[in-house]
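In what follows, a single structure is set out as structure tokens and then discussed.
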Amino acid sequence: MMHLLHLALPVRDADRSLAFYEKYFGFDPARARRYDDGTVIVRNDGGFDLALHGGQQVPSLPEFLHFGFRLDDPDEVRSALARLEADGVGVVEHYDLPEYVAFKCLDPDGYRIEVYWEPVESD
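If you number the sequence shown the way my numbering does, the last residue is 172 and the count never jumps.
Have a look at this one:
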């Protein structure tokens with residue numbers, strides 16, 4: 050089985066983005082690797098690598114384009130939403146249904162990030 054475990058993003062300020070992803074999404078800056086070209090690669094506890102390439106122009110992206118984090122419990126999503134809203138992070142979508150609890154927010158460069166829960170289907 051193959052797993053997607055890496056995402057590379059051009060960002061204006063890698064340190065600002067690193068602080069955002071640390072604060073809200075559990076990426077550990079103590080484990081970050083820095084490269085001469087301005088790239089910072091940081092890993093979360095799930096083994097996912099986020100490569101932030103600093104000093105870049107950020108492209109204009111279609112609204113549908115996003116990446117996401119799935120949580121195990123709908124209340125975890127609600128709690129994350131409340132925290133982001135309290136900190137003034139832009140939330141652009143929000144759903145709270147019996148079968149789907151989710152929101153999308155914007156990172157410092159305008160990338161859409163989905164945080165969601167939905168029941169796991171059994172085979």
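Note that the Cβ used here is the ideal one computed from N, Cα and C, for glycine as well.
Integer-rounded CB distance, given that residue 100 should sit under 8 Å from residue 126: Here the question's residue 126 lines up with position 77 in the sequence shown. Here the question's residue 100 lines up with position 51 in the sequence shown. Between residue 100 and residue 126 the Cβ distance is about 26 Å, and since that is not below 8 Å, they are no contact.
So that I know if they touch, is there some Cβ in chain B lying closer than 9 Å to that of residue 112? This model lacks chain B altogether; it includes just one protein chain.
Below 8 Å, can you find three or more Cβ-Cβ pairs linking the region 107-120 to the region 146-163? Using a C-beta cut-off of 8 Å, the region 107-120 makes contact with the region 146-163, since at least three inter-stretch Cβ pairs fall below that distance.
Of the listed residues 79, 69, 92, 84, nearest to residue 56 (C-alpha basis): Your numbering for residue 56 matches position 7 in the sequence shown. Comparing Cα-Cα distances from residue 56 to each of 79, 69, 92, 84, the minimum goes to 92.
Locate the beta strand (DSSP E) running through residue 59, then write down its first and last residues. Here residue 59 corresponds to residue number 10 of the sequence shown, with the count starting at 1. From DSSP, the beta strand (DSSP E) with residue 59 extends over 55-59.
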